[in-house]
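**Q**
Chains as they are written, first to last, in our numbering: chain A, 1 to 662; chain B, 1 to 153.
(1) Can you find the residues in the same chain that come closer than 6 Å, C-beta to C-beta, to residue 128(B), ignoring five residues on each side of it along the sequence?
(2) Name the chain A residues that come within less than 7 Å of residue 77(B), Cβ to Cβ?
(3) If the cut is a Cβ gap below 8 Å, which residues of chain A does residue 13(B) touch?
(4) Look up residue 467(A) in the DSSP assignment and say whether it is helix, strand or coil.
(5) Sorted by chain position, which residues of the same chain lie with C-beta nearer than 6 Å to residue 78(A)'s C-beta, five sequence neighbours on each side aside?
(6) Report yes if the C-beta distance between residue 533(A) and residue 596(A) is below 8 Å; otherwise report no.
(7) Indicate whether the contact test is met: 3 or more Cβ pairs, each with one atom in the segment 493-509 of chain A and one in the segment 614-628 of chain A, closer than 8 Å.
(8) For a cutoff of 8 Å on Cβ pairs, would you count residue 28(B) as touching chain A?
(9) Can the beta-carbon of residue 253(A) be found closer than 8 Å to that of residue 187(A)?
(10) I'd like the ranges of any beta strand (DSSP E) spanning at least 3 consecutive residues and lying wholly in the segment 174-229 of chain A.
(11) Quick check: residue 343(A) and residue 272(A), are their CB atoms within less than 8 Å of each other?
(12) What would DSSP say about residue 577(A), mapped onto helix, strand or coil?
(13) Are there 16 or more other CB atoms within 10 angstroms of the CB of residue 561(A), so buried, or fewer, so exposed?
(14) List, in chain order, every chain B residue whose beta-carbon is nearer than 9 Å to that of residue 385(A).
(15) Under 7 Å between beta-carbons, which chain E residues line up against residue 612(A)? List them in chain order, please.
(16) Taking all protein chains shown into account, do 16 or more other C-beta atoms lie within 10 angstroms of the C-beta of residue 282(A), making it buried, or fewer, making it exposed?
(17) Within 10 angstroms of the Cβ of residue 600(A), are there 16 or more other Cβ atoms? Answer buried if so, exposed if not.
(18) For residue 388(A), go through chain B and note every residue whose CB falls closer than 9 Å to its CB, in chain order.
(19) Beta carbon of residue 122(B): closer than 7 Å to some heavy atom of the ligand GTP?
(20) With 16 other CB atoms within 10 Å as the buried threshold, where does residue 454(A) fall?
(21) Rounded to the nearest angstrom, how far is the Cβ of residue 50(A) from that of residue 1(A), given a contact under 8 Å?
(22) Using a Cβ-Cβ cut-off of 8 Å, state whether residue 128(B) counts as contacting chain A.
(23) If you follow the alpha helix (DSSP H) that residue 239(A) is in, where does it begin and where does it stop?
(24) Residue 446(A) and residue 539(A) - do their beta-carbons sit closer together than 8 Å?
(25) Indicate whether at least one CB of chain B lies closer than 8 Å to the CB of residue 547(A).
(26) Candidates 200(A), 391(A), 87(A): which alpha carbon is nearest residue 158(A)'s?
(27) Does the beta-carbon distance from residue 180(A) to residue 111(A) come in below 8 Å?
(28) I'd like the span of the alpha helix (DSSP H) that includes residue 286(A), first residue to last.
(29) With three or more beta-carbon pairs closer than 8 Å as the criterion, would you say the segment 167-177 of chain A touches the segment 221-235 of chain A?
(30) Sort 65(A), 69(A), 58(A) by Cα distance to residue 89(A) and report the nearest one.
(31) Hey, how far is the Cα of residue 302(A) from the Cα of residue 400(A)?
(32) Taking a Cβ distance cut-off of 9 Å, strictly less, list which residues of the segment 365-384 of chain A are near chain B, in chain order.
(33) Under a CB-based cut-off of 8 Å, is residue 352(A) close to chain B?
(34) Rounded to the nearest angstrom, what separates residue 591(A) and residue 143(A) at their Cα positions?
(35) Are the CB atoms of residue 211(A) and residue 358(A) nearer to each other than 8 Å?
(36) For chain A, check one thing: does any of its Cβ atoms lie closer than 8 Å to the Cβ of residue 44(B)?
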C-alpha cells in the first residue's frame, strides 16, 4: 500500500512539474505576476511529492518488504539498518529517484531563496528546472519504476552488493548528486538569461552561490568515492580513471572553471558569453555522466544494445537539453553585449588561463572516456584507455595551472604586473624549495621530479598564505593592525586561500604516494615478520569470525617500531553468504597522514597466506586537500556579499565595486 | 610590463594563446593514443594477430579449469582460454577476490619471447555473476556458450 502511494506521489509530481514548467513561463511572457508566482508553490509541491515517494521507497527498504522487486533485488533482512537505508540508492531505480529528489530540492531552494530575483528571471529558472524534472520523472516512471511489485512475494531478498555495504558508500551518492545535480540550477539560470536576452553582473552574482554550493558538494562526493575505492576494493588505489569516476570528474573540472569565470563576470562584466556557455556545459557533462553510468553503455555496448530502453531514453533527454540549450545559445548569444576589456596579464587574464586549462583538461578526459566507446561502435576494436593515457595528457596539461594558481589572486584586475607578483611570491617559492629539500634529506634522496612535485605543492600552500599576508599588510603595518585587517578581510578571501592551499595539499599527497609508496607482496606463515615503511609487521595467524550477513577469516598483525609494539590490526577476507561473494576488508593503520595498508590474499599450500602490504606515505593529504577545497567553498559561500537572501544588494546590477579584496 | 596594447592586440593575444594551448593538447592526446592505449584480445584473436612480444595488450577469456598452479612464492600460472585457443599466463602478485577457475578474467601485460603472457594486472570484477564486458562480448561473438554467466546485473 505504501509503495503504491509512493508510486502515485511520483505520478502527481510529474503533473506538478508539468505545471511548474508551463505556468511561470506563460506568466513571464504575459507579465502576469500571479502566474509567475505559481511557479514557487508548484516547486514546493513537486519537491514534497518526490520526497513522499522517496520516503515510501525508504519505508519498503527499512521494513524489508520483499514484495517490492527493488527491495528484493537489493536488500536482505539480515543487513544492518544503515545499509537497508543506503540500499535505497544503491541500485539503478532508487538512485534515479534520489536524482529526482535532489533536483526538486534545488528547485524548491531556488523558489525559497529567489525572492530577490527579478520575477521573470525566477519564473524562467523554475520553468527550466521543472522541464528537467519532468524528463526525469518520465524516465523513472516509464523505464525504471522502483515500486514494481513481485507476486508472489519472495521470503528473502538477494542482498545489497557487498562492496556497497559500507558507510562511505552510504553517503557518497547523495553528496555526489548534490553536486552534479546542483549544477542544474546554473544551467537553468543560463537558459533563463538566454531566453530573456539579458545578462549582467547581477546574474553572475546570483549564479555564483549555487555554483559554489554544488561545487563544494561535488568535491566532497568525489573525494568520498575515491577514499571508499581506496579502502574497500582492497588494492590500495585511490583513483583509477575509470569511466564512472571520469563521469563525475568532468563536471567538477567544468564547474571549477565556471566558479572562476563567474567571478570575472561578477566583478568586471567580462567573459559573459563564455560564462553562460560554461554553465550550460557543466550541467551537460553531468547529464552525460548520468547517461554513461545509468544506460549500461559502459558495462557493455552489447548490454546497451539488448536492453536499450533506458539508454535511449537518457540519450534523448541528453540531446533535447544539450541540443536545445546550445541552439538557444547560438541564436541568442549575439544579442548579449560583450563585456569589458582587460590586458592579457591581469586578474582576468589569469582566470582566462585557468578556464582555458580546466576546459581543455576536461575535454581530454572526455576524449579518453568516449573514444573506446566510439571506436568499438565504429570498428568493433576494443581498447582500454587507462591511467597511462590520462597521466600523460591530463597530468601534463594541468601542470602549468598549478604553477599559476598562486599568481592569480596577486594580480590586479584589468592590468597586472607579473614580475611584481613573482617578487611577492619569493617567500612561497623559497618555502616550496625548502620543503622539497627537507623531503630529499629525510628520504635520503629520491626522484628529482617527485621532489619538485612536493616543492610545487608546498609553494601553492605558501602562495595561499602569502596572499592573505599581503592583504592584511603583514610586515608593512604593526602586527595589531595586520591582525585587525586580516579578520576584516571578506570571507571569500579566506575561501580562495583555503581552496588553493587545498590543491597544494592534494598535490603533495599524490606525489608522495606515487613516488615514495612501497609495496610488499609475500606469502606469510603465522609468526613470520616483515618490514614496511620503517615498521615491522608480525603475522599472528588467521581466525574465523561471523558478521550479521557474512562469514570472515581475520588475519591479525602486530606492528612494532624499533622493537616496541605500537599497534595491531585485523585484515580480513569476507564471504557474503546471500550472494556467495567474497570481498577484502583491508587492515589500515594511520600514522600521521601516512597509512599502512594490509590486505589478505589466497591461502598457500603450506599453510601460509599471501599478504600484500603497502606503505602509503602522506596519502591522507589527497583527501585532506579535497576537504580544504570543500571548506574553502563553504567559507566563500558564507561571504556576506554572496549570502543567499541578501536582497538589497543583489537587486541592482552592481558594477565592480572598489572591492574590499584589494 | 606596461605595454600599451590596442583592443585588437589584446584580443589577438588571447586567441593566439588559446589556440596554441589547444593545439598542444590535441597533439598530446594523439601522442598518448598512439602510446598508452592497450588493445584487447581473446586467445583465438591473439593467435591470428601476431602481436609482437613486448607490446602491451589486454588478454581476456576464461580461466581454464585445473590450470591454476601456485608456486611457493606469490607467482601464479594459469591458462586463459576462449575454448578455441589457449594462452599460458604467469602473474606475480595477489589475485583479485573473484579470481576462480572457470570464471572470466582480464589480464594486462605483454607476451614474452617464449609465448607466455606475462601479466602485471589481473582484473576480475566484484560480482560473481559478472563477466568482464570485453570477454563476454568476444566470447559471444565466437559462439561460445557462457551458461548464463554473461548476465550483467
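Think of the CB as a built atom: it goes at the ideal place given N, C-alpha and C, for glycine as much as any other residue. Because the structure is a prediction, the values reported are computed rather than measured.
**A** According to the structure data:
(1) For residue 128(B), the pLDDT reaches just 39, beneath the cut-off of 50, and the residue's location in the model is therefore unreliable, although a value from the coordinates is still provided. Hits under 6 Å: none found.
(2) Within chain A, no residue comes near residue 77(B); the closest Cβ sits about 14 Å away, beyond 7 Å.
(3) 344
(4) helix
(5) 548, 549
(6) yes
(7) yes
(8) yes
(9) no
(10) none
(11) no
(12) coil
(13) exposed
(14) 32, 33, 36, 37, 38
(15) Among the protein chains in the structure shown, which are A and B, there is no chain E.
(16) buried
(17) buried
(18) 32, 35, 36, 37, 38, 56
(19) For the ligand GTP, the structure offers nothing, since it holds no ligand at all.
(20) buried
(21) The pair is not a contact, with the Cβ atoms about 19 Å apart (cut-off 8 Å).
(22) With a pLDDT of 39 at residue 128(B), under the threshold of 50, the predicted position of this residue should be treated as unreliable, and no value is reported.
(23) Here residue 239(A) belongs to no alpha helix (DSSP H), and DSSP marks it neither H nor E.
(24) no
(25) no
(26) 87(A)
(27) no
(28) 272-294
(29) yes
(30) 58(A)
(31) With a pLDDT of only 48 at residue 302(A), under 50, the local geometry of the prediction cannot be trusted, and the value read off the model is given with reservation. Roughly 41 Å between the two C-alpha positions.
(32) 367, 368, 371, 372, 376, 380, 381, 382, 383, 384
(33) yes
(34) 49 Å
(35) no
(36) no
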